[in-house]
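Here the structure comes first, spelled out in structure tokens, and everything after it is commentary.
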Amino acid sequence: MNEDIFDVLIYLFENYMDSEIDIIPDTNMLQTELKAAGFNSGNISKAFEWLDTLALHEEPTFKSSKNFRIFCAEEIQKLDMECRNFILFLQGMDILTPISRELVIDRAMAIENKHISIEELKWITLIVLLSQPDEELAIAHMENIIYQEAPAFLN
């Protein structure tokens, strides 16, 4: 996944996911709109695949809500220390649950980039939260973090 796919995801977020829309257009209509907006077909397809995989993701089960996360070598390579600390910060602030944390990591790892930037991780996190039921407060916190563009996790 590259910048263009993030642009597709952000476009979809800003135009459809972040508002109270009564009628959501079908996939063909969205693809036509995205092409008209200047996105190429390959990036549009990859963005839809990414979202479809998120929607179909099975919920992991945890024996305890107080679990500890150790990142594997591939995750450490793709998610630098700033990204890993950000994920742990969000969980410590109850913005992410253990389940949503794992979804964020899974979706970040599904991206074709060698490395994920902190800005990309913020958008991934917001989109994951939007896919989860009953996460309005967490979504509001995440939107504040993204739109303030301040390193809120350092405070």
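So for the sequence shown, our numbering puts the first residue at 13; every next one is plus one.
Yeah, the Cβ is synthetic: ideal placement off N, Cα and C, and Gly gets one too.
Since the model is a prediction, treat every value here as computed from it, not as a measurement.
Asked                                                                                                                                                            : Found
Could you give the DSSP three-state label for Gln128: helix, strand or coil?                                                                                     : The amino acid occupying residue 128 in the given sequence is Ile; Gln does not appear at that position. Strand at Ile128.
Curious, which full-length alpha helix (DSSP H) runs of at least 4 residues does the region 82–142 contain?                                                      : 85–90, 93–104, 110–121, 130–142
Would Asn167 be called buried (16 or more neighbouring beta carbons within 10 Å of its own) or exposed?                                                          : Here Asn167 scores only 43 on pLDDT, less than 50, and its place in the model should not be relied on; the value that follows carries that caveat. So Asn167 counts as exposed.
As a quick exercise: from Cys84, Glu148, Leu91, Ala122, pick the residue whose alpha carbon is nearest that of Asp106.                                           : Glu148
Hey, out of Ile158, Gly104, Trp135, whose CA is closest to Arg119's CA?                                                                                          : Trp135
From Ser112 to Leu102, what distance separates their C-alpha atoms?                                                                                              : 10 Å
Pick helix, strand or coil for Asn52, following the three-state DSSP scheme.                                                                                     : coil
If you measure between the beta carbons of Leu66 and Val20, is that distance less than 8 Å?                                                                      : no
DSSP three-state label for Phe80, please.                                                                                                                        : coil
Rounded to whole angstroms, what's the CA-CA distance from Asn125 to Thr109? Just pull it up for me.                                                             : 25 Å
Can you find the residues in the same chain that come closer than 8 Å, C-beta to C-beta, to Trp62, ignoring five residues on each side of it along the sequence? : Met13, Ile17, Leu21, Arg119, Ala122, Ile123
If we count Cβ pairs, one from each stretch, closer than 8 Å, do we get three or more for the region 48–56 versus the region 89–98?                              : no
Under a Cβ-count criterion, where at least 16 other Cβ atoms within 10 Å of its own Cβ denotes burial, should Cys84 be classed as buried or exposed?             : exposed
When you compare the CB positions of Thr39 and Phe25, do they come within less than 8 Å of one another, or not?                                                  : no
Considering only C-alpha positions, which residue in the set Asp146, Leu138, Phe80 is nearest to Asn156?                                                         : Leu138
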